[in-house]
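Below: the structure, in structure tokens.
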Amino acid sequence: DEPYVLGFNFGYQDGVLYLHCSKYGYKLSVLAKNNNICAAFDVDHDFFARHENVACSWRMRYRSVLAWGKAESVEDYAEKENALRIIMKQYTDTDFTFNPPAVNNVHIIKIKITRMTGRKFEII
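Be aware that the sequence shown starts at 783, since it is given in our numbering, and climbs by one per residue.
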């Protein structure tokens, strides 16, 4: 009954977030009790000042997304392999081949997004 926050590598495709993790751990017991998820992502940070000697003129550029949904475990081998490809495509253009032990020994969490918001702060 308390918030639990973790950082994850992720993949996104067609309104679905994919996460990968160990098959064991506290996070999975938390999800078994309550599969409601709010995922937060923020990127493109840049700390800058309009006037370097004025403290209140310092700002942070950023882009952020909040996504809500229900988490479910992926058990099907082909779907797990596809999720791993989607995750890797988020970070590289390489089309990887995954060996069976790697696919079988990873836990995939699939989050169907029900609501998403985004925000950015940029000053020219």
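The beta carbon of each residue, even a glycine, is placed where N, CA and C say it ideally should be.
Assign residue i to one of two classes, buried (16 or more other C-beta atoms within 10 Å of its C-beta) or exposed (fewer than that).
| i | result |
| --- | --- |
| L799 | buried |
| L788 | exposed |
| A831 | exposed |
| A849 | buried |
Do residue i and residue j have their CB atoms nearer than 8 Å?
| i | j | result |
| --- | --- | --- |
| A821 | I893 | yes |
| I890 | H833 | no |
| V847 | G797 | no |
| T896 | G851 | yes |
State the beta-bridge partners of residue i as determined by DSSP.
| i | result |
| --- | --- |
| H833 | Partner(s): none; H833 has no beta bridge. |
| H802 | I890 |
| S846 | D824, R901 |
| G793 | Y800 |
| A853 | I893 |
For residue i, report the span of its beta strand (DSSP E) as first-last.
| i | result |
| --- | --- |
| E863 | E863 -> not in any beta strand (DSSP E); alpha helix (DSSP H) instead, spanning 859-871. |
What residue range does the alpha helix (DSSP H) around residue i cover?
| i | result |
| --- | --- |
| S811 | 808-815 |
Do the region 873-880 and the region 834-841 touch if we need at least three Cβ pairs shorter than 8 Å? no
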